[in-house]
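J.: If you scroll down you'll find the structure; I have some questions about it.
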Amino acid sequence: MLKRKRLRGRIQVTFVLPTDTPPGPVSVVGDFNHWNPHAHPLQPQGDGTRTATVTLPAHSSHAFRYLAAGDQWFDDEHADHHDGTNSRIHT
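The numbering of the sequence shown is the working numbering, which starts it at 21 and goes up by one.
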């Protein structure tokens, strides 16, 4: 799931997954962090989810995917669009 919060000229995007699906560590990687799996690991929250938050320019489009343990790549079913390779978010 994706949550958005409007800031001055920017959009704060929170990427949300269940704590245990998939099991093990998960990071959100995308063009906004140069596809670096160490930049935005999802952190456990008290409500049974894990999240990572990034701030992006308003009126922009970004490609991203999730990377789980064992080099398992997967898309976000709640993304704004899927381009055949990546999930996409439009701010």
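Glycine included, C-beta positions come from ideal geometry on N, C-alpha and C.
(1) With 16 other CB atoms within 10 Å as the buried threshold, where does Leu76 fall?
(2) Roughly how many angstroms lie between the CA atoms of Ala83 and Lys23, to the nearest whole one?
(3) With 16 other CB atoms within 10 Å as the buried threshold, where does Phe94 fall?
(4) So, at 6 angstroms on beta carbons, what are the nonlocal neighbours of Ala72 in its own chain, with the 5 sequence-adjacent residues on each side left out?
(5) Return the CA-CA distance between Leu37 and Gln92, expressed in angstroms with no decimal places.
T.: Let me lay it out:
(1) Within the sequence shown, the letter at position 56 stands for residue 76. By the neighbour-count rule (16 or more Cβ atoms within 10 Å), Leu76 is buried.
(2) Residue numbering aside, residue 83 sits at position 63 when the sequence shown is read from its first letter. Residue numbering aside, residue 23 sits at position 3 when the sequence shown is read from its first letter. The alpha-carbon of Ala83 is positioned some 16 angstroms away from that of Lys23.
(3) Here residue 94 refers to the residue found at position 74 of the sequence shown. Flag for Phe94 reads exposed.
(4) The residue given as residue 72 occupies position 52 in the sequence shown. Only Phe35, Val48, His60 and Leu62 meet the Cβ criterion.
(5) Taking the first residue of the sequence shown as position 1, residue 37 is located at position 17. Taking the first residue of the sequence shown as position 1, residue 92 is located at position 72. Leu37 and Gln92 have their C-alpha atoms spaced approximately 15 angstroms apart.
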